[in-house]
Amino acid sequence: MKNIFKFISLAGLMFTLSSVSVHAANLANPNYEIKFMVDSSKILNSDGSLKSNAISDFDITSSKNLNVQYLDTDNLDLNKNGWIVRFRKFNDDTSTELTYKKKYSITNGDIKSALKTAANDGFDANEDNYSPQVDWGYSNESLSFSNNKYFSLDDYSGLELPNTSDSIDEAIENIPGKLNKFIYKGWAQNYLNSSTLHGPYLGTRYIGSFNGLKIELEIYNVRGTNIAEISFKEDDYSNASQDRQALMNTLDSKGILIKSYDTKTGIMLGD
50 MKNIFKFISL
60 AGLMFTLSSV
70 SVHAANLANP
80 NYEIKFMVDS
90 SKILNSDGSL
100 KSNAISDFDI
110 TSSKNLNVQY
120 LDTDNLDLNK
130 NGWIVRFRKF
140 NDDTSTELTY
150 KKKYSITNGD
160 IKSALKTAAN
170 DGFDANEDNY
180 SPQVDWGYSN
190 ESLSFSNNKY
200 FSLDDYSGLE
210 LPNTSDSIDE
220 AIENIPGKLN
230 KFIYKGWAQN
240 YLNSSTLHGP
250 YLGTRYIGSF
260 NGLKIELEIY
270 NVRGTNIAEI
280 SFKEDDYSNA
290 SQDRQALMNT
300 LDSKGILIKS
310 YDTKTGIMLG
320 D
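Note that the sequence shown covers residues 50 to 320 in my numbering.
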């Protein structure tokens, strides 16, 4: 009988260890987006156009206009639970992009811990509907999983985004199960039904390069104030870390780096 119990205990231990190793192997494999807020007053002319030195410094070659808005309650209940619902459209788009994004905080650079937490919520390497990414700013770092949907409404044209009622309808119609069942079934839909729009915010995305990397410089007017964010993406952590430091040093040497916890999304949400 003792041998039977030993066998059962050993089998249970082996199953547990196997589960742990499989769980670890199934962690999502994110790319990295490096992003810094920069002082818009030092890179923009009085008419809102980009200064010539900024165009030269970042080898700006093209630009396009866009419009962005977020859907959340006045108290930002979705955002407080790590979820963001965003509508976005570029001037050359024929449809509106609707993004559902789940974010996890990264503490002291411990990306693996955040990936494990996300995996426990079902965001792992087997999740095909969400794209994983580490968002790495000046003094903040987070892990995000984005699910993009696309729709078109006949009543809107150009850069125009849907009004509150239509935004709520589209957000609920396209809602992913992971969001709607995050706390309990129907949780997110209840909040979406009582949500309001944060935005829209018109902006311009400039495309340039830095150290051979494609960079994006986005300018928005948010509640009467211009904000600017510069970013690039990389797949490899080591390269992302090195190029992040290089860009940060360059921005700092030019006196345009904003050293704060602020993020573009946080400013737009009023968080």
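For each residue, glycine too, the CB sits at the ideal point set by N, CA and C.
Keep in mind it's a predicted model, so treat the numbers as computed, not measured.
Check, Outcome
"Cα-Cα separation, residue 278 to residue 106", "15 Å"
"C-beta contact flag for residue 183 and residue 79 at 8 Å", "yes"
"Residue 77: first and last residue of the uninterrupted alpha helix (DSSP H) it sits in", "From DSSP, residue 77 is part of no alpha helix (DSSP H); its letter is neither H nor E."
"Which of helix, strand or coil DSSP assigns to residue 108", "coil"
"Three CB pairs or more closer than 8 Å across the segment 242 to 259 and the segment 195 to 214", "yes"
"Residue 134 vs residue 125 beta-carbon contact at 8 Å", "no"
"DSSP three-state assignment for residue 221, whether helix, strand or coil", "helix"
"Distance CB(residue 304)-CB(residue 91) smaller than 8 Å", "yes"
"Inter-residue Cα distance where the pair is residue 239 and residue 114", "33 Å"
"N- and C-terminal bounds of the alpha helix (DSSP H) containing residue 228", "226 to 229"
"Test item: CB-CB of residue 110 and residue 256 under 8 Å", "yes"
"Beta bridge counterpart(s) of residue 196 as assigned by DSSP", "149"
"Residue 301 versus residue 236: straight-line alpha-carbon distance, rounded", "43 Å"
"Three-way DSSP call (helix, strand, coil) for residue 301 in this model", "helix"
"DSSP state of residue 174 mapped onto helix, strand, coil", "coil"
"Bridge partner(s) assigned by DSSP for residue 185", "83 and 190"
"Sequence-distant residues of the same chain with beta carbon closer than 7 Å to residue 243, five excluded per side", "122"
"Endpoints, alpha helix (DSSP H) assigned at residue 315", "313 to 318"
"Residue 179 versus residue 83 - alpha carbon distance", "19 Å"
"Cut-off 6 Å between Cβ atoms - residues of its own chain near residue 220, not counting five sequence neighbours on either side", "120, 134 and 241"
"Residue 313 versus residue 191 - alpha carbon distance", "14 Å"
"Coarse secondary structure for residue 123, derived from DSSP in three states", "coil"
"Residue 118, buried or exposed, once every other Cβ within 10 Å from all chains shown has been counted against 16", "buried"
"Limits of the beta strand (DSSP E) - the one that residue 14 falls within", "A question about residue 14 goes unanswered here, because the residues of the chain that appear run from 50 up to 320."
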